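Protein chains in written order, with the numbering used here: chain S, 237 to 495; chain E, 576 to 1149.
Structure, rendered in structure tokens:
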């Protein structure tokens, strides 16, 4: 009865598969085309969302937007406090053809976190701009922001190269990169103690992040971080004032290396 | 522009919109083609356009000349006969002068009607004030008739109420009697102090019967009813107008295309699209214990931010709005400057001065309990704590803190900390001035080398003006490093009122240029709410200060810090 009804159908199917008719062939081809397009789309999307961004972070008035303008156009611009991000493609001045996207993020306390959240996954490298003149006064705030960037889980996973650009070196009172490094290490050392000693978060995870910054037992050192950290001095305004060029060869060299 | 509420430049909003539109239209090409580089390279000669727009805006705001006061001949009064203006007894002369100054013609019209009404009301006023229990049926009827009159002549009534207290005041200066506080003068009596802050001796119980009993004129043994004064002004009927929302047009084919178009491709968000979603989100937030006005403001700001935004492919209006709301909530809970208590204590330690923390809040929110938890946490981190018992009113407040001190010292005995006791209590018994005790405690801590001073104050309602003044004085005089407001997570719309009034009291009574306001919030009783965590949002929205600690129970380890993402997730959960 039933088996007899199925038999002729199965026989017909087997026949079709052995010598596929045009209808079946076209269906198979269509399926193949769809599969290939899907694969290509996936690959293209993967490449597009690979990390190609260099983020400019820092406190308010550190000089990020001016550095951004100088790097891209070479000219001096009067800037205002940024309230949104700006991004543009930057081509390194040497012969390498790869280019990166420079993204200038606002430094204001109420905005910096949401923009960091948005762009941290796409970061190949981070430039943390520090105001060398006001550093002595602001060392706690600088360290706090840097700490938040460093213990972020996405940043720890991707380990983008980190450059700490000590800006405003054209002013005579500016602190040197070495001094800034020492002070930051000391402050971060204290911060990781206080942050990890804070009461645990509501859902049980520790506020300092599961990862301890640097090695336990030893004083904090930038070499203990999983990413490469460099310190460089620069001046976005330049020693010749607004007419001349900016002094940031170290920054440009590092960008060329990272790109 | 940030201070729009202070400067009364009414054209600022419109000016900004105009400038925005004109700039965008003029340089539209540059933006679209060249992007950011266009912004950096292009020269934008906008100065002339801006000045023109500014001039237009200023002129448009000056068009309306201020209304000139009518001269006496022009007013209706000069045309009335003298007879109808003769006042009967009980009428207040001041009311008439007030009405003359009113420019609104409405008041002039109802004046003639109000005059006979006043006559009857004025006669009945003295009898109404008297003891309610003795009213006969007739007089009750008369009183009701009066109130009916009053309700229908609100305009005239309001001006009559204000001259009445002025007349009463002229009888000679009487000290004001607050219905919530008690009137006694023995609070500042220092003559009997026998304690000196040592742990062992119990406080000499200075039982002042007046403070304890409060109300002087009570009958012994009688339980009074809750007195309910009906305010006439409170009965203003505020008709809540629900604007009828335009019903969604669902007409066959057009509707289906609209939906498809919305699902795929670029559709920009309009107000009508977002309104139903925002309504639902607002109700959801209110159901999660966010204060009503804050939920409304939040939804408004999200609507403004999203207006005109182009949606990506395959995103619905609901998802876009939800995501924007979530971002806004996370941003509210992660405020500008994080309060890191340990870091600041270390700083103070280096300068050899104690770090002073003051706890304030309304009654029964858990100040003393959370103070004990925080001192436990500080001891665990190796800081020595002095607890100042500045709650000199509530029975058992000092004993409570003494018990906590004893327990904490048992948990962390002096032997394990180099021979010094990590917690000590500084108290002066009951009935003393809290600000004075706080000052003595701080200098004692400085002499003995304590790292932190935790000042516990009495709970007080935000409406109680003398107690708020006392708190403001304590904070202004002692200049603590951290002022923590303790609020419970169960509170609903009250949170807004509490915080606003506390901040206002602190700002009003401070002599300094920059007054010390609330620096942080301690959110207590968090374990009693499941996911109705809206109080956290209300409090941080009002003060824009962070939630420093969260209390989740009654043991010493139940102290947590806020995790913004978890709280927002609980809030947005359906």
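We put the CB at the ideal spot given by N, CA and C, even for glycine.
Just so you know, these numbers come straight off a predicted model, no measurement behind them.
- Along the region 902 to 916 of chain E, going in chain order, the ones with a CB nearer than 9 angstroms to a CB of chain S are 902, 905, 906, 909, 910, 911, 912, 913, 915, 916.
- Residue 400 of chain S is bridged by DSSP to S:364, S:467.
- With a cutoff of 8 angstroms on beta-carbon distance, residue 290 of chain S and residue 361 of chain S are scored as near each other.
- Using beta-carbon distances, residue 1134 of chain E counts as an interface residue toward chain S, with a partner under 8 angstroms.
- According to the DSSP secondary-structure assignment, residue 1063 of chain E is paired through a beta bridge with E:1099.
- Closer than 8 angstroms to the CB of residue 337 of chain S there is not a single CB belonging to chain E.
- Under the DSSP definition of a beta bridge, residue 327 of chain S partners with S:335.
- Neighbours of residue 956 of chain E in chain S, taken as residues at a C-beta separation under 8 angstroms, are given in chain order as 433.
- Taking every protein chain shown into account, the CB of residue 952 of chain E has 16 or more other CB atoms within 10 angstroms, so this residue is buried.
- For residue 390 of chain S, there are no neighbours in chain E by C-beta distance under 8 angstroms, as the nearest C-beta there is about 14 angstroms away.
- Cβ proximity to chain S below 8 angstroms picks out 1124, 1125, 1127 from the region 1110 to 1129 of chain E.
- Taking 7 angstroms as the cut-off between beta carbons, none of the residues of the region 992 to 1025 of chain E comes near chain S.
- For residue 962 of chain E, the closest C-alpha among the options E:894, E:969, E:1032, E:914 is that of E:1032.
- Between residue 954 of chain E and the set E:623, E:1022, E:992, E:1046, the nearest pair of CA atoms involves E:992.
- Three or more beta-carbon pairs separated by less than 8 angstroms are not found between the region 1107 to 1123 of chain E and the region 965 to 972 of chain E, which leaves the two stretches without contact.
- Restricting attention to E:872, E:868, E:897, the CA atom closest to the CA of residue 849 of chain E is found in E:897.
- Using a Cβ-Cβ cut-off of 8 angstroms, residue 341 of chain S does not count as an interface residue toward chain E, since no Cβ of chain E sits closer than that to its own.
- Its Cα nearest to that of residue 1127 of chain E, the residue E:941 stands out among E:595, E:941, E:631, E:854.
- In summary, residue 277 of chain S is exposed, with fewer than 16 beta-carbon neighbours lying within 10 Å of its beta-carbon over all protein chains present.
- Secondary structure of residue 874 of chain E (DSSP, three-state): helix.
- The C-beta separation of residue 943 of chain E from residue 976 of chain E comes to about 6 angstroms, placing the pair in contact by the 8 angstroms criterion.
- Chain E places a beta carbon closer than 8 angstroms to that of residue 346 of chain S, counting this residue as a contact.
- In this structure residue 1043 of chain E does not touch residue 937 of chain E by the C-beta definition: roughly 11 angstroms separates them, more than the 8 angstroms allowed.
- In the three-state DSSP reduction, residue 410 of chain S falls in the coil class, being neither helix nor strand.
- When rounded, the separation of the alpha-carbon atoms in residue 858 of chain E and residue 1073 of chain E is 23 angstroms.
- Counting C-beta pairs with one atom in each stretch, the region 338 to 347 of chain S and the region 387 to 400 of chain S have fewer than three that are closer than 8 angstroms, which means they do not touch.
- The beta carbon of residue 1086 of chain E is closer than 7 angstroms to those of 1051 in its chain, skipping five residues each way along the sequence.
- Under the Cβ criterion of 8 angstroms, residue 386 of chain S is not counted among the residues facing chain E.
- Uninterrupted alpha helix (DSSP H) stretches at least 4 residues long and entirely within the region 858 to 931 of chain E occur at 867 to 881, 892 to 908, 916 to 925, given in chain order.
- Fully enclosed beta strand (DSSP E) runs of no fewer than 3 residues occupy 998 to 1001, 1027 to 1032 of the region 997 to 1033 of chain E, in order along the chain.
- Scanning its chain for C-beta atoms nearer than 7 angstroms, with the 5 sequence neighbours on each side dropped, one finds around residue 919 of chain E the residues 930, 1056, in chain order.
- Per DSSP, reduced to three states, the secondary structure at residue 432 of chain S is helical.
- For residue 928 of chain E, not one C-beta of chain S is nearer than 8 angstroms to its own C-beta.
- In the three-state reduction of the DSSP assignment, residue 967 of chain E falls in the coil class, being assigned neither a helical nor a strand state.
- Taken through DSSP and simplified to helix, strand or coil, residue 1092 of chain E comes out as coil.
- Contact check between the region 455 to 474 of chain S and the region 419 to 432 of chain S: three or more CB pairs, one atom from each, fall below 8 angstroms, which counts as touching.
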